[in-house]
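Undergrad:
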Amino acid sequence: MSASSVILGFQPVLLWTDALLFLLVALALLAGMRARAQAPLRAAWRKVGRRPTGMAAATVLLAFLVVGLVDSLHYRPLLPALERVAGADGGGPASGAAPAAPVVSTEVLSALDALLAPLRLRTEKTYSAPFAWTLYQRETMETADGGQVRDYPRLAHGAAHLGADPGPARAGDLALGLAKALAQAALAWLLAFVVLASLVWRGSGLRWGEVAAALLAGHTVLAWRAALVTLAVLLAVVGVCVELAPLYHVLGTDKVGQDVLYLALKSVRTALVIGTLTTLVMMPFAVALGIAAGYLGGWVDDAVQYLYTVLNAIPGVLLIAAAVLMMQVVIDTNPHWFDTAAERSDARLLALCFILGITSWTGLARLLRGETLKLRELEYVQAARAFGVRTPAILRRHILPNLMHIVLIALVMDFSGLVLAEAVLSYVGIGVDPSTISFGTMINMARAELAREPMVWWSLAAAFVFMFVLVLAANLFADVVRDAFDPRRA
Amino acid sequence: MPAYLLRRLLYAVPILIGVNLLTFVLFFVVNSPDDMARMHIGVKRATPEAIERWKVERGYDKPMFINDAASGSARFTETLFFDKSLRMFALEFGRADDGRDIGQEIRERMGPSLAIALPTFVLSLVVSISFALLLVFFRATWLDFWGVVLCVAMMSISSLFYIIGGQWLVSKLWALVPISGYAPGLDAARFLVLPVLISVVAGIGSSARWYRTIFLEEISKDYVRTARAKGLSELAVLFRHVLRNALIPILTGVVVVIPLLFMGSLLVESFFAIPGLGSYTIDAINAQDFAVVRAMVFIGSVLYIVGLILTDLSYTLADPRVRLQ
Numbered sequence: 001m002s003a004s005s006v007i008l009g010f011q012p013v014l015l016w017t018d019a020l021l022f023l024l025v026a027l028a029l030l031a032g033m034r035a036r037a038q039a040p041l042r043a044a045w046r047k048v049g050r051r052p053t054g055m056a057a058a059t060v061l062l063a064f065l066v067v068g069l070v071d072s073l074h075y076r077p078l079l080p081a082l083e084r085v086a087g088a089d090g091g092g093p094a095s096g097a098a099p100a101a102p103v104v105s106t107e108v109l110s111a112l113d114a115l116l117a118p119l120r121l122r123t124e125k126t127y128s129a130p131f132a133w134t135l136y137q138r139e140t141m142e143t144a145d146g147g148q149v150r151d152y153p154r155l156a157h158g159a160a161h162l163g164a165d166p167g168p169a170r171a172g173d174l175a176l177g178l179a180k181a182l183a184q185a186a187l188a189w190l191l192a193f194v195v196l197a198s199l200v201w202r203g204s205g206l207r208w209g210e211v212a213a214a215l216l217a218g219h220t221v222l223a224w225r226a227a228l229v230t231l232a233v234l235l236a237v238v239g240v241c242v243e244l245a246p247l248y249h250v251l252g253t254d255k256v257g258q259d260v261l262y263l264a265l266k267s268v269r270t271a272l273v274i275g276t277l278t279t280l281v282m283m284p285f286a287v288a289l290g291i292a293a294g295y296l297g298g299w300v301d302d303a304v305q306y307l308y309t310v311l312n313a314i315p316g317v318l319l320i321a322a323a324v325l326m327m328q329v330v331i332d333t334n335p336h337w338f339d340t341a342a343e344r345s346d347a348r349l350l351a352l353c354f355i356l357g358i359t360s361w362t363g364l365a366r367l368l369r370g371e372t373l374k375l376r377e378l379e380y381v382q383a384a385r386a387f388g389v390r391t392p393a394i395l396r397r398h399i400l401p402n403l404m405h406i407v408l409i410a411l412v413m414d415f416s417g418l419v420l421a422e423a424v425l426s427y428v429g430i431g432v433d434p435s436t437i438s439f440g441t442m443i444n445m446a447r448a449e450l451a452r453e454p455m456v457w458w459s460l461a462a463a464f465v466f467m468f469v470l471v472l473a474a475n476l477f478a479d480v481v482r483d484a485f486d487p488r489r490a
Numbered sequence: 491m492p493a494y495l496l497r498r499l500l501y502a503v504p505i506l507i508g509v510n511l512l513t514f515v516l517f518f519v520v521n522s523p524d525d526m527a528r529m530h531i532g533v534k535r536a537t538p539e540a541i542e543r544w545k546v547e548r549g550y551d552k553p554m555f556i557n558d559a560a561s562g563s564a565r566f567t568e569t570l571f572f573d574k575s576l577r578m579f580a581l582e583f584g585r586a587d588d589g590r591d592i593g594q595e596i597r598e599r600m601g602p603s604l605a606i607a608l609p610t611f612v613l614s615l616v617v618s619i620s621f622a623l624l625l626v627f628f629r630a631t632w633l634d635f636w637g638v639v640l641c642v643a644m645m646s647i648s649s650l651f652y653i654i655g656g657q658w659l660v661s662k663l664w665a666l667v668p669i670s671g672y673a674p675g676l677d678a679a680r681f682l683v684l685p686v687l688i689s690v691v692a693g694i695g696s697s698a699r700w701y702r703t704i705f706l707e708e709i710s711k712d713y714v715r716t717a718r719a720k721g722l723s724e725l726a727v728l729f730r731h732v733l734r735n736a737l738i739p740i741l742t743g744v745v746v747v748i749p750l751l752f753m754g755s756l757l758v759e760s761f762f763a764i765p766g767l768g769s770y771t772i773d774a775i776n777a778q779d780f781a782v783v784r785a786m787v788f789i790g791s792v793l794y795i796v797g798l799i800l801t802d803l804s805y806t807l808a809d810p811r812v813r814l815q
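Residue numbers (our numbering), protein chains in the order written: chain P, 1 to 490; chain G, 491 to 815.
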């Protein structure tokens with residue numbers, strides 16, 4: 001037990017995927033700073049910003065990223081004092097006596113869990129439709145006079161503020177909530193607009209009003225209007241959720257009564273982890289092997305080519321299946337490696353990223369090898385060699401920087417495919433741990449319920465819509481980035 | 491040509507050995523047979539006797555590479571590596587956990603897999619290429635723009651959605667075809683319509699967009715301009731010149747998957763309860779039947795290599811300038 005947990009009231013937990021996710025963000029910021037200093041990179045990114053689809057997709061992705069990052073700040077809460085073993089009850093902390101050793105829960109939560117506590121904790125008994133006030137199924141209940149009646153039970157939390165029978169009042173309440181939410185969203189949007197306009201205005205030499213008008217008319221160099229429109233839609237959706245989610249189950253509840261909106265938001269992190277970390281963990285291999293094969297040639301080239309032909313020869317799903325099955329055995333036979341269930345499922349998530357990475361690095365390595373073959377014959381590389389610059393220095397200074405656009409394009413292009421693959425793999429049973437909330441596990445749980453009458457459609461719909469928005473934004477963004485960075489498409 | 495084929499076939503041997511070694515390491519070195527037995531039986535019930543029995547049943551009780559107890563060539567043949575790995579080259583896959591011969595099972599299940607994969611393959615090729623040609627014909631118009639938007643939107647939808655949505659709409663709501671199942675012979679058609687249709691629709695987005703890129707690259711070349719300049723209609727240019735010249739990149743991506751059609755599709759087969767190799771693999775994964783997964787990995791890589799050789803051969807058919815030596 002660390003001292004920090006006593007002061008903070010919780011014990012921070014850094015899971016492996018958290019660390020890597022934050023590393024990725026740090027790398028992105030670093031790359032961004034470097035890109036500002038170099039004219040060609042700056043020009044390429046400006047090209048991305050000039051495309052309305054690029055800006056709109058980036059806005060959506062940024063929103064998902066914020067959700068994912070907030071969900072990556074993990075901690076273990078202290079158990080309430082009452083539950084601790086009564087013992088050291090000295091004069092309180094001020095007297096200097098050691099306070100009772102705080103006990104941390106084995107449950108690992110995240111900052112998002114804390115923010116969404118109302119959603120997380122208000123579970124129902126089982127399925128309920130969006131905005132419903134009763135459960136989805138009839139149940140036999142005892143009436144006050146001892147008789148039995150078969151009816152839809154009232155939800156414990158959904159629409160609880162409207163009393164026992166919210167039927168007539170619900171429509172008005174929803175309309176009021178909607179109006180309030182949209183008004184708040186409009187205010188927030190206005191604030192964002194003013195801040196953005198002021199940022200653009202600063203140092204432009206124009207009047208503020210002119211800048212604001214240009215932003216609204218879409219006359220700015222960067223496609224800010226697309227971002228603002230997307231932001232308006234996003235804020236409206238978020239506003240409705242913020243206003244209504246504490247009162248209703250906006251997207252219904254699932255089989256064990258968990259709020260589907262909460263599940264969908266939690267799935268975002270899993271999707272982001274799979275989509276980005278897979279490329280991050282495979283990148284060092286792909287870059288090192290691709291460059292080595294292309295630049296050194298000879299037996300190194302033969303060996304690398306042999307390696308990736310072998311890996312390519314095995315159909316991807318089967319290789320993943322074999323590796324995941326084996327990883328499962330390793331994890332199951334070594335339960336003592338992990339303190340909490342969350343750490344265990346996190347290890348499995350990371351292992352899945354590695355496995356997906358192993359099966360997908362071959363494409364990138366082949367591209368990099370080809371490009372290196374081309375680069376090494378260019379005059380400036382030959383000149384460097386003639387001047388006696390050593391191989392590592394040539395690779396670092398002349399080859400690697402000229403390959404980074406391929407790596408970047410691979411990173412954004414692979415993302416959407418990986419997010420989609422996660423759902424399929426989880427369905428097949430070789431994806432994330434069943435206890436990890438992800439789009440795949442959500443779909444898997446909801447799938448069996450389609451046969452019911454009336455149909456339980458909301459958890460499936462929520463998972464598919466969230467996934468669709470994320471993947472669509474990623475696809476659009478990837479296209480724009482590729483167009484901007486691929487010299488052949490210039 | 492025969493010399494080329496022979497060389498390619500010989501080249502396949504080290505790759506298959508590599509695949510074989512990799513699977514052996516994955517299945518026997520990363521986890522010892524003892525670990526697998528413990529997980530299979532359940533950690534609580536895993537007594538040493540039970541583990542030993544489990545290993546004997548599956549022939550996992552032999553040493554890994556060298557059997558000191560045996561003499562002569564049996565020193566090498568009475569081992570796990572020989573039994574479980576090298577025997578695959580003779581297409582002997584041993585028995586699954588339920589006691590059935592894997593080779594026999596694979597032969598039986600190839601038919602249903604192919605019955606669904608082959609029509610899917612042909613139909614999606616025709617539909618995607620036609621759609622792509624249509625987009626290219628109307629390039630730089632609003633039709634092209636919205637066609638591409640449609641493609642991107644369609645490829646952003648999870649394949650699970652296509653399957654679940656299609657099953658719900660066509661089978662449940664409209665009650666046109668059975669939800670799932672399979673029947674041998676011609677009767678199979680009514681079970682196959684929906685899965686084939688869904689697979690084709692699910693694939694259009696990404697493949698049509700890919701073909702469109704290939705065609706657009708081709709269309710900016712000099713010979714196309716020449717063809718137009720001599721007065722050919724745009725349709726003739728597209729079909730007679732662009733399509734033929736775009737064949738090489740198309741074949742590169744397409745021919746390699748033809749042999750893999752035998753393996754079937756994991757998702758579609760399991761959703762539609764079609765007794766093919768895809769659902770066989772899924773069942774094996776869920777039951778953690780390692781022998782079956784190993785066999786499928788090996789067959790998959792053999793078929794992939796066959797696909798590579800077929801790709802090379804197809805180049806000679808598509809482009810008379812290509813000669814294989």
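Heads up, the beta-carbon is just placed ideally off N, CA and C, and yes, glycines get one too.
Which bits of chain G does Val329 (chain P) rub up against, with CB to CB less than 7 Å?
TA: Chain G residues near Val329 (chain P): Asn521, Asp525, Met526, Met529.
Undergrad: Opposite Phe10 (chain P) in the DSSP bridges: which residues?
TA: P:Pro77
Undergrad: How would you label Phe514 (chain G), buried or exposed, when you count the other beta carbons within 10 angstroms and need 16 or more for buried?
TA: buried
Undergrad: Can you pull the chain G residues whose beta carbon is under 7 Å from the beta carbon of Thr309 (chain P), in chain order?
TA: Ile505
Undergrad: Under three-state DSSP, which class holds Val787 (chain G)?
TA: It is helical.
Undergrad: Applying the 10 Å Cβ sphere with the 16-neighbour rule, what's the burial state of His731 (chain G)?
TA: Under this definition His731 (chain G) is a buried residue.
Undergrad: Taking only the alpha-carbon atoms, compute the straight-line gap between Gly252 (chain P) and Ala164 (chain P) and give it to the nearest angstrom.
TA: 19 Å
Undergrad: Does the beta-carbon of Met455 (chain P) have 16 or more other beta-carbons within 10 angstroms, so that it is buried, or is it exposed?
TA: exposed
Undergrad: So that I know if they touch, is there some Cβ in chain P lying closer than 8 Å to that of Leu459 (chain G)?
TA: Because chain G spans 491 through 815 in this model, residue 459 (chain G) falls outside it and cannot be assessed.
Undergrad: Please name the residue, chosen from P:Met467, P:Glu124, P:Leu349, P:Val66, that lies closest to Thr278 (chain P) on a Cα-to-Cα basis.
TA: P:Leu349
Undergrad: Assign Asp302 (chain P) to buried or exposed, taking buried as 16 or more other Cβ atoms, counted over all protein chains shown, within 10 Å of its Cβ.
TA: The residue in question, Asp302 (chain P), is exposed, as its Cβ has fewer than 16 Cβ neighbours within 10 Å.
Undergrad: Residue range of the alpha helix (DSSP H) that Met413 (chain P) falls in?
TA: 404-428
Undergrad: Can you check which of these residues, G:Gly508, G:Ser563, G:Asp525, G:Ser760, is closest to Phe780 (chain G) by C-alpha distance?
TA: The option with the nearest alpha carbon to Phe780 (chain G) is G:Asp525.
Undergrad: What is the DSSP secondary structure of Arg829 (chain G), reduced to helix, strand or coil?
TA: Within the shown structure, residues of chain G are numbered from 491 to 815, placing residue 829 (chain G) beyond reach of any answer.
Undergrad: For Leu178 (chain P), I'd like the list of residues in its chain whose CB is within less than 7 Å of its CB, leaving aside the five on either flank, ordered along the chain.
TA: Cβ neighbours of Leu178 (chain P) within its own chain (closer than 7 Å, five residues either side excluded): Val240.
Undergrad: Which residue wins for smallest C-alpha separation from Ile709 (chain G), given the options G:Lys720, G:Gly695, G:Ser723, G:Leu733?
TA: G:Leu733
Undergrad: Measure the C-alpha to C-alpha separation of Ala491 (chain P) and Val108 (chain P) and round it to an integer number of angstroms.
TA: Any property of residue 491 (chain P) remains undetermined from this structure, which presents chain P solely from 1 to 490.
Undergrad: Can you name the residues of chain A whose CB is closer than 7 Å to the CB of Met467 (chain P)?
TA: No chain A is present in this structure, whose protein chains are P and G.
Undergrad: Under the three-state reduction of DSSP, which class applies to Met491 (chain G): helix, strand or coil?
TA: coil
Undergrad: Please classify Met786 (chain G) as buried or exposed, where buried requires at least 16 other C-beta atoms within 10 Å of its C-beta.
TA: buried
Undergrad: Does the CB of Thr610 (chain G) have a neighbour CB from chain P at under 8 Å?
TA: no
Undergrad: What is the rounded straight-line gap between the Cα of Glu582 (chain G) and the Cα of Thr441 (chain P)?
TA: The straight-line gap from Cα to Cα measures roughly 37 Å.
Undergrad: Output yes if chain G places a C-beta closer than 8 Å to the C-beta of Tyr427 (chain P); else output no.
TA: Yes, because at least one Cβ of chain G sits closer than 8 Å to the Cβ of Tyr427 (chain P).
Undergrad: Rounded to whole angstroms, what is the Cα-Cα separation between Phe628 (chain G) and Ala223 (chain P)?
TA: 27 Å
Undergrad: Give a yes or no on whether the C-beta atoms belonging to Thr126 (chain P) and Gly257 (chain P) are separated by under 8 Å.
TA: yes
Undergrad: With 16 other CB atoms within 10 Å as the buried threshold, where does Glu83 (chain P) fall?
TA: Confidence at Glu83 (chain P) is low in this model, with a pLDDT of 46, below 50, so the placement of that residue should be treated as unreliable; the coordinate-derived value is given next. Classification for Glu83 (chain P): exposed.
Undergrad: In this structure, how does DSSP classify Asp145 (chain P) when only helix, strand and coil are distinguished?
TA: coil
Undergrad: Just checking my contact of Glu371 (chain P) with Ile274 (chain P) at CB under 8 Å: how many whole Å lie between their CB atoms?
TA: With a Cβ gap of about 27 Å, Glu371 (chain P) and Ile274 (chain P) do not count as contacting.
Undergrad: How many Å lie between Gly532 (chain G) and Ile775 (chain G) at the Cα?
TA: 17 Å
Undergrad: Determine the DSSP secondary structure at Asp104 (chain P), reduced to helix, strand or coil.
TA: Position check: residue 104 (chain P) holds Val in this sequence, whereas Asp was assumed. Three-state result, Val104 (chain P): strand.
Undergrad: In chain P, which residues lie less than 7 Å from Gly790 (chain G) when you measure between Cβ atoms?
TA: Annotation: Cβ neighbours of Gly790 (chain G) in chain P (cutoff 7 Å, chain order): Ile314, Pro315, Leu318.
Undergrad: If you draw a straight line from the C-alpha of Ala763 (chain G) to the C-alpha of Leu650 (chain G), how long is it?
TA: 15 Å
Undergrad: Going along chain P, which residues have a C-beta under 7 Å from Met786 (chain G)?
TA: Leu318
Undergrad: Could you check if Ser723 (chain G) is buried or exposed, using at least 16 other CB atoms within 10 Å of its CB as the buried criterion?
TA: exposed
Undergrad: Label Met491 (chain G) either buried or exposed according to how many other C-beta atoms from any shown protein chain fall within 10 Å of its C-beta, with 16 as the threshold for buried.
TA: exposed
Undergrad: If we define contact as Cβ-Cβ less than 8 Å, is Val424 (chain P) a contact residue for chain G?
TA: yes
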